[in-house]
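**Student:** Quick note, the sequence shown lines up with residues 331 to 668 if you use our numbering.
Note that beta-carbon positions come from the ideal geometry of N, C-alpha and C, so glycine has one too.
Take a look at the following structure, please.
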Amino acid sequence: RYHSYSLDVVYNDLTLLNKQVPLSRQQFSNAVNNEAGAKTCQTTNALKYIMADFTKYCNIFYTKICAWVFTICSKRADNQETTCIPYSKKLIGFDEAIELRDVYYQYPNTKKPVLNSISLKIPKHNSIGFVGPSGAGKTTIVDVIVGLLVPIQGEVLIDGKSIKDDLPNWQRMIGYIPQNIYLSDDTVRRNIAFGLPDEQIDEEQVWSVLASAHLEKFVNSLPDKLGTFVGERGIRLSGGQRQRIGIARALYHNPEVLVMDEGTASLDNETEWGVMQAVKRLSGKKTVVIIAHRLSTVKNCDRLYFIREGEVVNYGIYDELIANCAEFRAMALADKFE
Numbered sequence: 331r332y333h334s335y336s337l338d339v340v341y342n343d344l345t346l347l348n349k350q351v352p353l354s355r356q357q358f359s360n361a362v363n364n365e366a367g368a369k370t371c372q373t374t375n376a377l378k379y380i381m382a383d384f385t386k387y388c389n390i391f392y393t394k395i396c397a398w399v400f401t402i403c404s405k406r407a408d409n410q411e412t413t414c415i416p417y418s419k420k421l422i423g424f425d426e427a428i429e430l431r432d433v434y435y436q437y438p439n440t441k442k443p444v445l446n447s448i449s450l451k452i453p454k455h456n457s458i459g460f461v462g463p464s465g466a467g468k469t470t471i472v473d474v475i476v477g478l479l480v481p482i483q484g485e486v487l488i489d490g491k492s493i494k495d496d497l498p499n500w501q502r503m504i505g506y507i508p509q510n511i512y513l514s515d516d517t518v519r520r521n522i523a524f525g526l527p528d529e530q531i532d533e534e535q536v537w538s539v540l541a542s543a544h545l546e547k548f549v550n551s552l553p554d555k556l557g558t559f560v561g562e563r564g565i566r567l568s569g570g571q572r573q574r575i576g577i578a579r580a581l582y583h584n585p586e587v588l589v590m591d592e593g594t595a596s597l598d599n600e601t602e603w604g605v606m607q608a609v610k611r612l613s614g615k616k617t618v619v620i621i622a623h624r625l626s627t628v629k630n631c632d633r634l635y636f637i638r639e640g641e642v643v644n645y646g647i648y649d650e651l652i653a654n655c656a657e658f659r660a661m662a663l664a665d666k667f668e
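Below, the structure written as structure tokens:
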């Protein structure tokens with residue numbers, strides 16, 4: 331119900347912004363929905379794609395979508411027809427471990443699975459890195475963990491319970507840091523508490539996550555501190571600062587799990603070091619899952635999984651993989667001389 335209502339609101343807003351929206355209301359709805367149903371993260375990505383040609387209105391649109399996401403995530407069911415589960419009655423609690431048990435996944439219209447019999451455990455407050463060649467299945471594994479993709483076989487379990495039992499509350503526990511951080515031409519404060527109205531922003535929490543993201547000192551040095559405008563797409567900030575704003579944003583709603591999808595691939599070594607120091611501060615406080623091109627970004631993880639052709643071929647700490655996995659050793663050598 332909330333999903334259908336929100337699509338109407340967004341479509342109406344698009345027609346107000348631009349009278350020549352290239353999609354009918356039904357086409358717009360079909361483009362947003364997919365075979366797996368309406369999922370918050372997938373819907374946001376679909377809408378961003380649809381709006382690619384509307385760069386003039388991107389800031390307005392994206393802010394409205396994020397406000398919508400936060401709103402529907404916090405909605406409480408008010409009748410028996412909705413399938414939403416009130417947070418106070420959640421079926422899944424994360425106190426022990428995330429487990430993938432014999433997971434297979436195959437994309438539609440493809441000939442073979444991209445994940446084959448993946449079994450692994452991620453203890454709470456551990457940091458985990460997925461490494462391997464491009465196309466090995468690292469991102470697909472993470473998409474399965476967060477519930478964006480449904481395995482064709484096997485299960486994803488949280489403390490022994492399937493995420494299918496309570497997917498909305500499981501996804502509420504996750505903070506996601508994409509490779510490219512989107513910043514609107516607004517203040518540091520609003521970019522961290524993204525999509526929330528000013529009266530709902532907890533300033534103490536903003537400063538807390540800035541400290542966790544290794545950015546508190548920098549923001550304190552700005553002329554207007556939290557009220558400083560960052561420029562369109564964060565042009566007034568360095569790449570590392572934008573990345574750390576992304577970390578702070580992901581932490582603002584106090585997630586149990588932090589996912590970084592190749593988040594430092596485009597940064598120089600010095601800037602990358604600053605970002606990874608921010609991640610290191612979270613050690614023992616959050617469960618961190620990292621997918622990275624650079625092995626230096628996962629060097630201090632509690633466990634690394636080397637993925638090849640959709641299978642876990644080796645795992646261990648960094649030094650163990652260097653000793654026991656020739657492919658990992660070759661990647662580490664290439665990484666060193668980049």
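1. According to DSSP, is LEU479 helix, strand or coil?
2. Could you check what DSSP says for LYS676 in three-state terms: helix, strand or coil?
3. Are the beta-carbon atoms of LEU540 and GLU546 separated by less than 8 Å?
4. Spatial neighbours of ASP489 within its chain, please: C-beta separation below 8 Å, excluding the five flanking residues on both sides.
5. I believe ASP591 touches THR469 by the beta-carbon criterion, under 8 Å. Please report the beta-carbon distance rounded to the nearest angstrom.
6. Decide if the stretch 473-485 is in contact with the stretch 433-441; the criterion is three or more beta carbon pairs, one per stretch, under 8 Å apart.
7. Assign ALA580 to buried or exposed, taking buried as 16 or more other Cβ atoms, counted over all protein chains shown, within 10 Å of its Cβ.
8. Should the stretch 569-577 be regarded as contacting the stretch 512-522, the criterion being three or more beta carbon pairs within less than 8 Å?
9. Should the stretch 453-469 be regarded as contacting the stretch 493-512, the criterion being three or more beta carbon pairs within less than 8 Å?
10. Given this structure, state the Cα-to-Cα distance separating ASN439 from LEU479, to the nearest angstrom.
11. Under 8 Å, do LEU588 and LEU612 count as touching if we go by C-beta distance?
12. Taking its Cβ as the centre, do 16 or more other Cβ atoms sit within 10 Å of ILE565, making it buried, or is it exposed?
13. Does the Cβ-Cβ distance between ALA466 and GLU657 come in under 8 Å?
14. What beta strand (DSSP E) runs, 3 residues minimum, are completely inside the stretch 415-445?
15. Buried or exposed for ASP532, going by 16 or more other Cβ atoms inside 10 Å?
16. Excluding the five sequence neighbours on either side, which residues of its own chain have a C-beta within less than 7 Å of the C-beta of LYS610, listed in chain order?
17. Under the three-state reduction of DSSP, which class applies to TYR512: helix, strand or coil?
18. Helix or strand or just coil, what does DSSP make of ARG633?
19. Could you tell me which residues DSSP puts in a beta bridge with VAL589?
20. If you check the beta carbons only, do TYR582 and ILE621 fall under 8 Å apart?
21. I think TYR635 touches LEU430, with their Cβ atoms under 8 Å apart; what is that distance to the nearest whole Å?
22. With distances taken from CA atoms, which of ARG519, TRP603 and VAL619 is nearest PRO585?
23. Given a cut-off of 8 Å on the beta-carbon distance, is the pair HIS455 and GLY614 in contact?
24. With the cut-off set at 8 Å, would you say GLN509 and GLY477 are in Cβ contact?
25. Going along the chain, which residues of its own chain have a beta-carbon closer than 6 Å to the beta-carbon of ARG563, five neighbours each way excluded?
26. Ordered along the chain, which non-local residues of its own chain (more than five positions away) have a Cβ less than 6 Å from that of PRO463?
27. Quickly, what does DSSP pair SER492 with across the bridge? List them, please.
28. Distance check for VAL628 and ALA660, CA to CA, integer angstroms please.
**Tutor:** According to the data block:
1. Reading the sequence shown from its first residue, position 149 is the one you call residue 479. Three-state result, LEU479: coil.
2. A query on residue 676 cannot be resolved here, the shown segment of the chain reaching from 331 to 668 and no further.
3. As a position in the sequence shown, residue 540 is number 210, starting the count at 1. As a position in the sequence shown, residue 546 is number 216, starting the count at 1. In this structure, GLU546 lies closer than 8 Å to LEU540 by Cβ.
4. Position 159 of the sequence shown, counted from the start, is the residue given in the question as residue 489. Around ASP489: ILE422, GLY423, PHE424, ASP425, GLU426 and ALA427.
5. For this step, residue 591 is matched to residue 261 along the sequence shown. For this step, residue 469 is matched to residue 139 along the sequence shown. Yes, they are in contact, since the Cβ atoms of ASP591 and THR469 sit about 6 Å apart, within 8 Å.
6. yes
7. The residue you call residue 580 lines up with position 250 of the sequence shown. With 16 or more Cβ atoms within 10 Å of its Cβ, ALA580 is classed as buried.
8. yes
9. no
10. Translated into the one-based positions of the sequence shown, residue 439 becomes position 109. Translated into the one-based positions of the sequence shown, residue 479 becomes position 149. So the two alpha carbons sit approximately 15 Å from each other.
11. Position 258 of the sequence shown holds residue 588. Position 282 of the sequence shown holds residue 612. Closer than 8 Å, so yes.
12. By 1-based counting over the sequence shown, the position of residue 565 is 235. The residue in question, ILE565, is exposed, as its Cβ has fewer than 16 Cβ neighbours within 10 Å.
13. Counting from 1 along the sequence shown, the entry for residue 466 is found at position 136. Counting from 1 along the sequence shown, the entry for residue 657 is found at position 327. Cβ atoms of ALA466 and GLU657: not closer than 8 Å.
14. 427-435
15. Your numbering for residue 532 matches position 202 in the sequence shown. Its Cβ having fewer than 16 others within 10 Å, ASP532 is exposed.
16. In the sequence shown, the residue the question calls residue 610 occupies position 280. ASN630, listed in sequence order.
17. Indexing the sequence shown from 1 puts residue 512 at position 182. Three-state DSSP puts TYR512 in coil, outside helix and strand.
18. Reading the sequence shown from its first residue, position 303 is the one you call residue 633. DSSP places ARG633 in strand when its eight states are reduced to three.
19. What you label residue 589 is simply residue 259 of the sequence shown in a count that begins at 1. According to DSSP, VAL589 bridges with TYR506 and VAL619.
20. Sequence index remark: in the sequence shown, residue 582 carries index 252 (1-based). Sequence index remark: in the sequence shown, residue 621 carries index 291 (1-based). Going by C-beta atoms, TYR582 is not nearer than 8 Å to ILE621.
21. Here the question's residue 635 lines up with position 305 in the sequence shown. Here the question's residue 430 lines up with position 100 in the sequence shown. TYR635 to LEU430, Cβ: 10 Å. No contact.
22. Taking the sequence shown and counting its residues from 1, the one referred to as residue 585 is at position 255. It is VAL619.
23. Translated into positions along the sequence shown, residue 455 becomes position 125. Translated into positions along the sequence shown, residue 614 becomes position 284. Yes, they are a contact pair.
24. Looking up residue 509 in the sequence shown gives position 179. Looking up residue 477 in the sequence shown gives position 147. No; because the gap between Cβ atoms is not below 8 Å, this pair is not in contact.
25. Taking the first residue of the sequence shown as 1, we reach residue 563 at position 233. Closer than 6 Å at the Cβ level, and outside the excluded window around ARG563, lie LEU513.
26. Here residue 463 corresponds to residue number 133 of the sequence shown, with the count starting at 1. The answer is none, since no qualifying residue turns up.
27. Mapped onto the sequence shown, residue 492 falls at position 162. Paired residues: LEU487.
28. Sequence index remark: in the sequence shown, residue 660 carries index 330 (1-based). Sequence index remark: in the sequence shown, residue 628 carries index 298 (1-based). If I take the Cα positions, the gap works out to 16 Å.
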